[in-house]
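Scroll down for the structure; my scribbles are underneath it.
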Amino acid sequence: YYDYLRGIKEIRKANTKKILDVLQASVKNRVNGRKRIAVSFSGGVDSSLIAVMASRFAKVLAVSVSVTGSHDASVAKHAAKELGLEWMEVSISEKEIKSRIESVQNITEVSSSIDISIAMGLMLTAQKASKEGYDAMLVGQLADEIFGGYRRYLKQYCSEGTERVQKAMKYDVLNAHSTNFDRDEKATSQFVDLYLPYANAELARIGLSISPELKFDCKKGGRKIILRQAAKTFGMPPSIAERPKK
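In our numbering, the protein residues as written are 0 to 245.
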């Protein structure tokens, strides 16, 4: 049993190093010598990790969108402060959200409520970044598909096993260009150039090859465990690295 635990620890350590090395190179390539870059920032592990990495190469502006007074706003503000990042908030009311729905639909050519909400958030973030003089923005898209961030993956792994969840995650990664990236590009392109550090072929290969038992914990409901471990190895406070996805 103890040999098994030691083996898991060594496997996790090796994987976290690979993840950090490839992700940091991906972030650096996308910063591409710029002196400043914006990050769509939620305060969760995905956006926090790329924001901190990007801050090694350029001045970073962390931009968050939330409904005034919401839980999201306080989480993002606290995380940015803890990470030493410049942070700006875009507050939007329910009335403003309703007034923008038709425009977002027309621009991004999506119709589902989840697609509209994601597109609107990105559009507002990109618009704010542009107003502050930033011409490029990093986002954390594809981290959930590669490392197991969605609750449906956890449920599938715990009820149906490794093979099923691996197939589901691989399918989502391979189809992200049409289901997610096209929408996101349309939402932001009039304001900034959009860059996705997690959408890296080598990172996807590494991430999808990692056993689901290093990503999920059925007893505790843990998701994206290996990426959270990588973030802590990189020096991120546990309060951010381990924050549950909401």
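C-beta: ideal position from N, C-alpha, C; glycine also. All figures in this text were calculated on a predicted structure; none of them were measured in a lab.
Distance CB(residue i)-CB(residue j) smaller than 7 Å
i	j	result
I239	A203	no
V64	G147	no
R242	L153	no
K27	V89	no
I224	N14	no
A57	R33	yes
A229	I18	yes
I36	V44	no
R118	R55	In the sequence as displayed, the identity of residue 118 is Ala instead of Arg. Cβ distance not < 7 Å, so A118 and R55 don't count as in contact.
T124	S39	yes
L22	A50	no
A75	S41	yes
K169	L226	no
F233	Y156	no
I113	V103	no
N-terminal and C-terminal residue of the beta strand (DSSP E) that residue i is part of
i	result
L193	D192 to Y194
L141	No beta strand (DSSP E) contains L141, which DSSP labels as neither H nor E.
Any chain D beta carbon closer than 7 Å to residue i
i	result
H70	Here there is only one protein chain, and chain D is not present.
Residue range of the alpha helix (DSSP H) that includes residue i
i	result
S90	Not the alpha helix (DSSP H): S90 falls in the beta strand (DSSP E), residues E85 to I91.
L173	T161 to L173
L121	S112 to K130
D183	D181 to T187
Reduced DSSP category for residue i - H, G, I as helix; E, B as strand; rest coil
i	result
D216	strand
M235	coil
A198	coil
G206	helix
A230	helix
K12	helix
Y0	Unreliable positioning characterises Y0 in this predicted model, as indicated by a pLDDT of 42, which lies under 50. The coordinate reading is nonetheless provided below. Coil at Y0, not helix or strand.
G6	Since pLDDT at G6 reaches only 49, below the 50 mark, its modelled position is unreliable, and no value is offered.
Heavy atom of the ligand GDP within 6 Å of residue i beta-carbon
i	result
D45	No copy of the ligand GDP appears in this structure; indeed no ligand is present at all.
Discussion item. Report the start-end ranges of each beta strand (DSSP E) in the segment 32-71 that is 3 residues or longer and not cut off at the edges.
Written reply: 35-39 and 58-66
Worksheet item: Would you say the segment 185-197 touches the segment 132-145, given that touching needs at least three Cβ pairs under 8 Å?
Response: yes
Discussion item. Within 8 Å, do at least three Cβ pairs link the segment 129-138 to the segment 180-195?
Written reply: yes
Worksheet entry | Validate contact between the segment 77-88 and the segment 53-62 using beta carbons, cut 8 Å, 3 pairs | yes
Item to complete: Report yes or no: do the segment 157-170 and the segment 211-220 share at least 3 C-beta pairs separated by less than 8 Å?
Response: yes
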